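K.L.:
The structure that follows is given in the form of structure tokens.
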Amino acid sequence: MSAITLRKALGVLAKSSSFSVTTVTHRQRDVFDQLKEQLFVKQDIEKDLLHHLDAAKPGEIIFLCGSSGDGKSEILTRCQSNPRYQQRFVFHLDATHSFAPQQTAIDALDDLFDNHQKQLYPLLVGINTGMLANFAREGAERHHVLRFVIDAFLSSQQRAFIILCHV
């Protein structure tokens, strides 16, 4: 690793840093990526998620949910870059992302779940808990089973952040 200043190194840790949110990118890795990797500590939730991924069956939907900024995208990107999971799952790292300006996040999720029904692979979705609740309330009726499972999970006030859905 080449030399960097302490200020720049600490900047990697800042919540406002571009390194605080991980996305799939094809840019050249640099010294800050290496530093971030060295500082990373695997959390229990990641270990639990990997256990669920190893046991996942075709057609399942696995949600990794939580608050904004708590590391969902980091964990999912690490899973997506792992050769063990790359070809076995469909990854959707940002459940609020839509592909059309007029499309709402709920519409984008409806489309995601419509397309998933045609897939042979499990789907792994990173989603904020608030958006998950919005989908349970406002998602399309055709996804009523999925909405029911999500609502039951949220109503149970479980401390788990991984939801398995068999639809």
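Numbering-wise, this note's numbering comes out as the position in the sequence shown, counting from 1, plus 91.
Think of the CB as a built atom: it goes at the ideal place given N, C-alpha and C, for glycine as much as any other residue.
These figures come from a predicted structure and were not determined experimentally.
Per DSSP, what kind of secondary structure is N219 in: helix, strand or coil?
P.N.:
If DSSP states are grouped into helix, strand and coil, N219 belongs with the strands.
K.L.:
Does the beta-carbon of H234 have 16 or more other beta-carbons within 10 angstroms, so that it is buried, or is it exposed?
P.N.:
So H234 counts as buried.
K.L.:
Pull up the distance between the alpha-carbon of D201 and that of Q125, whole angstroms please.
P.N.:
Computed Cα separation, rounded: 37 angstroms.
K.L.:
Along the chain, where does the beta strand (DSSP E) that runs through I197 open and close?
P.N.:
I197 -> not in any beta strand (DSSP E); alpha helix (DSSP H) instead, spanning A196 to H207.
K.L.:
Would you decide whether P213 is buried or exposed? Buried here means 16 or more other CB atoms lie within 10 Å of its CB.
P.N.:
Buried, because 16 or more other Cβ atoms sit within 10 Å of the Cβ of P213.
K.L.:
Alpha helix (DSSP H) containing L237: first to last residue?
P.N.:
Residues H235 to S247.
K.L.:
Taking DSSP's pairing of strands, which residues face I43 in a bridge?
P.N.:
There is no way to answer for residue 43, as the model of the chain reaches only from 92 to 258.
K.L.:
Tell me, please, whether the region 215–235 touches the region 151–158 by the rule of three or more beta-carbon pairs shorter than 8 angstroms.
P.N.:
Enough Cβ pairs lie closer than 8 angstroms, so yes.
K.L.:
By Cβ distance below 6 angstroms, which residues in the same chain neighbour E137 in space, the five residues on each side in sequence not counted?
P.N.:
Counting only Cβ-Cβ distances below 6 angstroms, and skipping sequence neighbours, we find I166.
K.L.:
Cβ of L255 within 8 angstroms of Cβ of H143?
P.N.:
Yes.
K.L.:
Identify the continuous alpha helix (DSSP H) that holds H142 and give its terminal residues.
P.N.:
Counting along the chain, the alpha helix (DSSP H) containing H142 begins and ends at D135 to A146.
K.L.:
Quick check on F180: buried or exposed, where buried means 16 or more other Cβ atoms within 10 Å of its Cβ?
P.N.:
So F180 ends up on the buried side.
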